[in-house]
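Peer 1: Just so you know, the protein sequences line up as chains A, B and C, in that order.
Just add 19 to the spot in the first sequence (first one is 1) and you have the numbering used here.
Just add 105 to the spot in the second sequence (first one is 1) and you have the numbering used here.
Just add 1105 to the spot in the third sequence (first one is 1) and you have the numbering used here.
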Amino acid sequence: MVNSAPILDTQAVRRTLRRLAHEIVESNQGVEGLVLIGIQRGGDVIAQRIADDIEEIEGVRPGLGALDVTLHRDDLDRRHPEPQPSALPDVDGKVVVLVDDVLMTGRTVRAALDALNDFGRPRIVRLAVLVDRGHRELPIRADMVGKNIPTSREDNVRVLLQEEDGRDAVVILPGRMES
Amino acid sequence: MTSTASAPLTAQGRRPGRSWEHQHVLDLDDFSVGEIETVLNLADRMREVLDRRIARVPALRGYTVVNLFYEPSTRTRASFELAGKVLGADVISVTANTSSVVKGESLIDTVRTLRAMRADAIVMRHSIAGAPYLAATNTDASIINAGDGAHAHPTQALLDLYTIKSRLGSIAGKRVVMVGDISHSRVARSDMWGLTAMGAEVVLCGPPTLLPRGLRAQDRPAHAESALPNVTIETDIDRAIEGADVVMALRLQSERQQRGLLPSLHEYAQLYQVTAQRLAKAKPDHVLMHPGPKNEGIEIAGAVAAGQHSIIEEQVTNGVAIRMALLYLLSGRTDLPGDGGSVTSEARA
Amino acid sequence: MTTIAIHNGHVIDPALGQDGIADVVIVDGRIARVGPGEGDAVIDAERIDATGLVVSPGFVDLHTHLREPGFEGKETIRTGTEAGARGGYTTVCAMPNTMPALDSRAAIESVLREAEASARIRVLPIGAITVGRQGKELTPQGELQAAGVVALSDDGDAVADPSLMRHALEYSTRFNLPIAQHCEDPSLVRDGHMHEGWVATRLGLRGRPASAEETMVARDIALAELVGAHLHICHVSTAGSVALIAAARERGARVTAEVTPHHLTLTHEEVAFADDYVHIRYNTNAKVNPPLREEADLEALANALRDGVIDAIATDHAPHGVNDKAIEFDLAAPGLTMLETAFGLSMRLVHEGRLSLPTLIERLTIGPVRTWRLDEIPGLQGLGTLAPGALGDVAILDPDAEWTVEPEAFASKGKNTPLGGKTLRGRVVATIANGQIVHETERMVAL
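#1: Can a CB atom of chain B be found closer than 8 Å to the CB of A:L90?
#2: Report the rounded CA-to-CA distance for B:R145 versus C:V1264, giving the unit in angstroms.
#3: Go through its chain and collect everything with a Cβ distance to A:R38's Cβ below 8 Å, but skip five positions before and after it.
#4: Along the chain, which unbroken stretches of the beta strand (DSSP E) at least 3 residues long are found entirely within the region 166-218 of chain B?
#5: Would B:R158 count as contacting chain A if we go by Cβ distances under 8 Å?
#6: Kindly list, in the order they appear in chain B, the residues whose Cβ is closer than 9 Å to that of A:D137.
#7: Going by other Cβ atoms of all chains shown within 10 Å of its Cβ, with 16 needed for buried, is B:P237 buried or exposed?
#8: Taking any Cβ of chain B, which residues in the region 1287-1314 of chain C have a Cβ under 8 Å from it, in chain order?
#9: Just the C-alpha distance for A:D111 and A:F138, rounded to the nearest angstrom, thanks.
#10: Near C:G1134, which residues of its chain fall below 6 Å by C-beta distance, leaving aside the five closest residues on each side in sequence?
#11: Please identify the residue among C:T1107, C:A1127 and C:G1122 whose C-alpha is closest to the C-alpha of C:G1114.
#12: Below 8 Å on the Cβ atoms is my contact criterion, and I expect A:Q103 with A:T89 to pass it. Report the Cβ-Cβ distance as a whole number of Å.
#13: Taking just the CA atoms, how far does C:A1409 sit from C:T1278?
#14: What three-state label does DSSP hand C:A1233 in the structure shown?
#15: Listing by chain order, which chain C residues have their CB less than 9 Å from the CB of B:L320?
#16: Note down, in chain order, each residue of its chain lying with its Cβ closer than 7 Å to the Cβ of A:Q181, except the 5 sequence neighbours on either side.
#17: Would you call the CB atoms of B:Y433 and A:H99 closer than 8 Å?
#18: Going by CA-CA distance only, name the one from B:S275, B:T215 and B:A194 that's closest to B:P163.
#19: If you check the beta carbons only, do C:L1397 and C:L1371 fall under 8 Å apart?
#20: Using beta-carbon positions only, say whether C:P1523 and C:N1394 come within less than 8 Å of one another.
#21: Check B:D350 in the structure and name its three-state DSSP category.
#22: Thinking just about the alpha-carbon of each residue, which of C:V1216, C:D1381 and C:G1357 is nearest to the one in C:E1330?
#23: Output, in chain order, the set of chain B residues within a Cβ distance shorter than 9 Å of A:P169.
#24: For C:D1416, collect the residues of the same chain with a Cβ closer than 8 Å to its Cβ; drop the 5 residues on either side in sequence, then sort them by chain order.
#25: Give the interface partners of C:R1386 over in chain B, defined as CB-CB distance under 7 Å, in chain order.
#26: Tell me A:P158's beta-bridge partners as DSSP assigns them.
#27: So is C:E1173 buried or exposed if we call it buried at 16+ other beta carbons inside 10 Å?
#28: Would you kindly work out how many angstroms separate the C-alpha atoms of B:M106 and B:D225, rounded to a whole number?
#29: Starting from C:Q1286, trace the beta strand (DSSP E) both ways and give me its first and last residue.
#30: At 7 Å on the CB atoms, spell out the chain C contacts of B:I213, in chain order.
#31: Who are the Cβ neighbours of B:T200 in its own chain at under 6 Å, not counting the five residues just before and after it?
#32: Would you say B:R150 lies against chain A (beta-carbon separation less than 8 Å)?
#33: According to DSSP, is C:F1164 helix, strand or coil?
#34: Just to confirm, is the Cβ distance from C:D1503 to C:R1459 under 8 Å?
#35: DSSP state of C:D1505, grouped into three classes?
#36: For chain B, is any of its Cβ atoms less than 8 Å away from the one on A:P104?
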């Protein structure tokens, strides 16, 4: 899979993340009250990257957290994945930007919105994703999108990240999804 | 949601220490180290959920848990009820007083009736050893043993393991001393399986009339050596506690004295009560446990039960997390990371 | 005149010392002739080819629970004796723990009437030692003997009161009736449901210690010696009991003993383990009183059986309904159905080389007959033998045939056996009782 021609190569991924950082700061008009929350797993690393970029741009680091949504999923009768740790700063009255790597059906984001409620009541919740590949099943839309990639439902979109995969790239593997 | 005992697993890539193949939780004797670790790791996640401002997730929405208690119990029942409710399951409790049990309906009938009402898991407490095994062979609902006679109490043992691990960092190599009525203790029986599996040294201490036969390796034939855990038996509490990392006092029921197993509760307290003086011989950073409910002044001195080494209350909180973990595992398929069904970003989208 | 000629079988009759190829001819319900070629001399006979098979006297069981009257859901005289016929038995002694208990002339007579009407094989009743088996008052032994009992027993329970037991034994000397005791001290087995030992510890079940049996065996031997009575120890299960019985007989005490096929061959592990020591079960079909014991006990029992310290194999056939067993272990009824598997299970000792086939047959035929002097009862002369003039009771056996135990196919109403699905080597091919073929399998070849 690593040999597939990337949709976004290393440079493109980094540029896209940087642009998302700019957009987030701009929409919030600064870093004040801003909390980035990455959705486990995949979104947490991207949220970290964006937080790094924002810190570079603004000289201030936004709040950062990781949210696991496993226990809020609506497809648990089919599979029971192992929950990952959640670690959130105080979100009451904050502007929370949920960060994920790929947006497709919207079910993960729906679960994340529910899960977020267990931790507090943010003033505003926005959504930023690196890739939006369509095929929505719920009325959910990202506020900030790194790249729209039209795909077939069966395609397998992988976001590779330096921290976990040794390089940054977005690739498409044709074929059936795992679920 | 009726998972079968052996859901298909992809062998390739399964991470060691992460596995789950149980349809039922009957005792820890058939748990692998990996399975115990799976439960303990998951309990960490569940503790985190418990500590949230709103400790309620919908993971087990549509899953029905029935507490079937043939014997009174406050804490175990409440613990399972909470565990189920935090995970969004429907939980109902049936006690021998209100069910058709008193009308002479057989255990098998009762379990099948509950299953026909779409119970997914049946948490069972029974005064007769083996009753959950009878239930498990007669239903495809998951049976969780919440204590059967003097036989087993696996969820208590798992919460004990979890509590020891979270307090002492590890279980392997620790000297764990259980003091009291070993013969009638289902907690001791399940604990000794779990503790020895995880590499602890287990010492059982009590008066000879309350120690079961057959626990010494020489009491059973060589071919059956593995049929019971490898433990040390000690009738002198001071020798037993020496160098202990964990001391667990077991509940003594006054019935034992009435049946002639003990001359008097006074003498029992003299010889076997866990006291501060006796604990002085344990390791300086030892912890003190009790499965509850306690008889302070009999098997445990009130001062030490509430003292700085006591982690009795933590056991109770952890009990909810452990039962959440078990319900979660039983309610789903065995899709754990590395099993080929892990949640990767593209599948999640 | 009906004639059955059994040709060319390997006739083993321990009573007569016969052990070789011969024909057996039965005429009008009695053994007529036994010897090589004897069958060819008779005309107009029903002929059976026993080539390659063993021909033995019909088996005699000193310990059968027929459950009638009172527990016809578990077994009836009809189904129990049918089960006996399938197991090679031609005589069974019926235990009195029925409802009502067989403690009066009327009760005994009703059993004999029902047996006359429906039994497939001979039924000899055993009377209760105490009224209602309550362990309080003695039954009228003279009246019971006149009604036809062959022994007295409160089996299922022990006569716990030592003084009452002494009097039961003492009084029985007037009638020369064996007093058959179920030896387990009730106080020592209270709440116990299997052998006390490491398996019970694994299962968290309370145990019935070997000493609960041994203390009562010792007590009752002492009482029997005191009054000179005939004490019969039912279903001996421990090495300690064997030693006590051996010593008593050495002293000349009138003590006899029986052992069951299951106590000879199955251990307490049967309760808990099927394939490995990781997974346990609570096998109520292996729940029996006294309980299945340990390897050392099995060995002592087999040796005692071989050496004649134990006189007889008795089945303790104890049929129960499904609902008596498909319940919690402590609540399940003790006992297992045994008549149809007794020969195959006991043959394990022969196949393992621990007992000769003639000795096994002795302990199933003339052994039990002599133990209770059954052949002294009018009409039962020659019982347990193939002597000319003896009752026409014959078992035709295939000692090497392997078969799988299918409880659902049992004639007994009791399907409660731990042997279901297991393979036994040794099968009863046909049974002839009183000159009538009461059981035959496809292996039996008519000529």
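Don't be surprised by glycine CBs; every beta carbon is placed ideally from N, CA and C.
Peer 2: The structure says:
#1: Within the first sequence, the letter at position 71 stands for residue 90 of chain A. Interface residue (Cβ-Cβ distance to chain B less than 8 Å): A:L90 is classified as such.
#2: Counting from 1 along the second sequence, the entry for residue 145 of chain B is found at position 40. Counting from 1 along the third sequence, the entry for residue 1264 of chain C is found at position 159. Contrary to the premise, residue 145 of chain B reads as Leu rather than Arg in this sequence. Cα-Cα distance, rounded: 54 Å.
#3: The count along the first sequence starts at 1 and reaches residue 38 of chain A at position 19. The beta carbon of A:R38 sits closer than 8 Å to those of G165, all from its chain and outside the five residues before and after it, given in chain order.
#4: Segments of the beta strand (DSSP E) lying fully in the region 166-218 of chain B: 169-174 and 195-200.
#5: Sequence index remark: in the second sequence, residue 158 of chain B carries index 53 (1-based). Chain A contact via Cβ: present.
#6: By 1-based counting over the first sequence, the position of residue 137 of chain A is 118. Residues of chain B passing the Cβ test: V154, R157, R158, I159, A160, R161 and V162.
#7: As a working mapping, residue 237 of chain B is identified with position 132 in the second sequence. By the neighbour-count rule (16 or more Cβ atoms within 10 Å), B:P237 is buried.
#8: Considering only beta carbons, the part of the region 1287-1314 of chain C lying closer than 8 Å to chain B consists of E1301, G1302, W1303, V1304, A1305, T1306, R1307, L1308, G1309, L1310, R1311 and G1312, in chain order.
#9: Translated into positions along the first sequence, residue 111 of chain A becomes position 92. Translated into positions along the first sequence, residue 138 of chain A becomes position 119. C-alpha separation (whole angstroms): 8 Å.
#10: The residue labelled residue 1134 of chain C in the question sits at position 29 within the third sequence. So the qualifying residues of the chain are G1497, N1539 and G1540.
#11: By one-based count along the third sequence, residue 1114 of chain C stands at place 9. Measuring from the Cα of C:G1114, the nearest candidate turns out to be C:A1127.
#12: As a first step, residue 103 of chain A is located in the first sequence; it is residue number 84 there, counting from the start. As a first step, residue 89 of chain A is located in the first sequence; it is residue number 70 there, counting from the start. Yes, A:Q103 and A:T89 are in contact; Cβ-Cβ is about 7 Å, under 8 Å.
#13: On the third sequence, position 173 is the one that residue 1278 of chain C refers to. On the third sequence, position 304 is the one that residue 1409 of chain C refers to. If you take the alpha carbons of C:T1278 and C:A1409, they lie about 27 Å apart.
#14: Your numbering for residue 1233 of chain C matches position 128 in the third sequence. Looking at C:A1233 - three-state DSSP - the assignment turns out to be coil, as it is neither helix nor strand.
#15: Position 215 of the second sequence, counted from the first residue, corresponds to residue 320 of chain B. W1303 and T1306, listed in chain order.
#16: As a first step, residue 181 of chain A must be located in the first sequence, where it is residue number 162. If we look at A:Q181 and ignore the five residues flanking it on each side, its Cβ neighbours are D187.
#17: On the second sequence, position 328 is the one that residue 433 of chain B refers to. On the first sequence, position 80 is the one that residue 99 of chain A refers to. At the C-beta level, B:Y433 and A:H99 come within 8 Å of one another.
#18: Stepping through the second sequence from its first residue, residue 163 of chain B is reached at position 58. Taking only the C-alpha atoms, the option nearest B:P163 is B:A194.
#19: Mapped onto the third sequence, residue 1397 of chain C falls at position 292. Mapped onto the third sequence, residue 1371 of chain C falls at position 266. Going by C-beta atoms, C:L1397 is nearer than 8 Å to C:L1371.
#20: In the third sequence, counting from the first residue as 1, residue 1523 of chain C sits at position 418. In the third sequence, counting from the first residue as 1, residue 1394 of chain C sits at position 289. Cβ atoms of C:P1523 and C:N1394: not closer than 8 Å.
#21: Here the question's residue 350 of chain B lines up with position 245 in the second sequence. B:D350 sits in coil when the DSSP states are folded into three classes, being neither helix nor strand.
#22: In the third sequence, residue 1330 of chain C corresponds to position 225, counting from 1. Closest in C-alpha terms to C:E1330, from the list C:V1216, C:D1381 and C:G1357, comes C:G1357.
#23: By one-based count along the first sequence, residue 169 of chain A stands at place 150. Per Cβ cutoff of 9 Å: no residues; A:P169 is ~14 Å from chain B at best.
#24: Along the third sequence, read from residue 1 onward, the residue named residue 1416 of chain C stands at position 311. The answer, listed in chain order, is T1361, A1362, E1363, R1468, G1472, P1473, R1475 and T1476.
#25: Locating residue 1386 of chain C in the third sequence gives position 281, counting from the first residue. Those are Y238, listed as they occur along chain B.
#26: Mapped onto the first sequence, residue 158 of chain A falls at position 139. Note: A:P158 sits in no beta bridge, so no partner.
#27: Position 68 of the third sequence, counted from the start, is the residue given in the question as residue 1173 of chain C. Of the other Cβ atoms in all chains shown, 16 or more fall within 10 Å of the Cβ of C:E1173; this residue is therefore buried.
#28: Numbered from 1 along the second sequence, position 1 holds the residue referred to as residue 106 of chain B. Numbered from 1 along the second sequence, position 120 holds the residue referred to as residue 225 of chain B. Note that B:M106 scores a pLDDT of 33, beneath 50, so its modelled location is shaky; the value from the coordinates is reported in the next line. Cα-Cα distance, rounded: 7 Å.
#29: For the purposes of this step, residue 1286 of chain C is taken as the residue at position 181 of the third sequence. Here the beta strand (DSSP E) through C:Q1286 covers I1284 to Q1286.
#30: By one-based count along the second sequence, residue 213 of chain B stands at place 108. Those are A1431, listed as they occur along chain C.
#31: Translated into the one-based positions of the second sequence, residue 200 of chain B becomes position 95. Once the five neighbours on either side are set aside, the close Cβ partners of B:T200 are F174.
#32: To locate residue 150 of chain B, count along the second sequence from 1; it is residue 45. Chain A contact via Cβ: present.
#33: For the purposes of this step, residue 1164 of chain C is identified with residue 59 of the third sequence, where counting begins at 1. Strand at C:F1164.
#34: The residue you call residue 1503 of chain C lines up with position 398 of the third sequence. The residue you call residue 1459 of chain C lines up with position 354 of the third sequence. Their beta carbons are not under 8 Å apart, which means C:D1503 does not touch C:R1459 by this criterion.
#35: Walking along the third sequence from the start, residue 1505 of chain C turns up at place 400. In the structure shown, C:D1505 sits in a strand (DSSP, three-state: E or B).
#36: Indexing the first sequence from 1 puts residue 104 of chain A at position 85. The C-beta of A:P104 comes closer than 8 Å to at least one C-beta of chain B.
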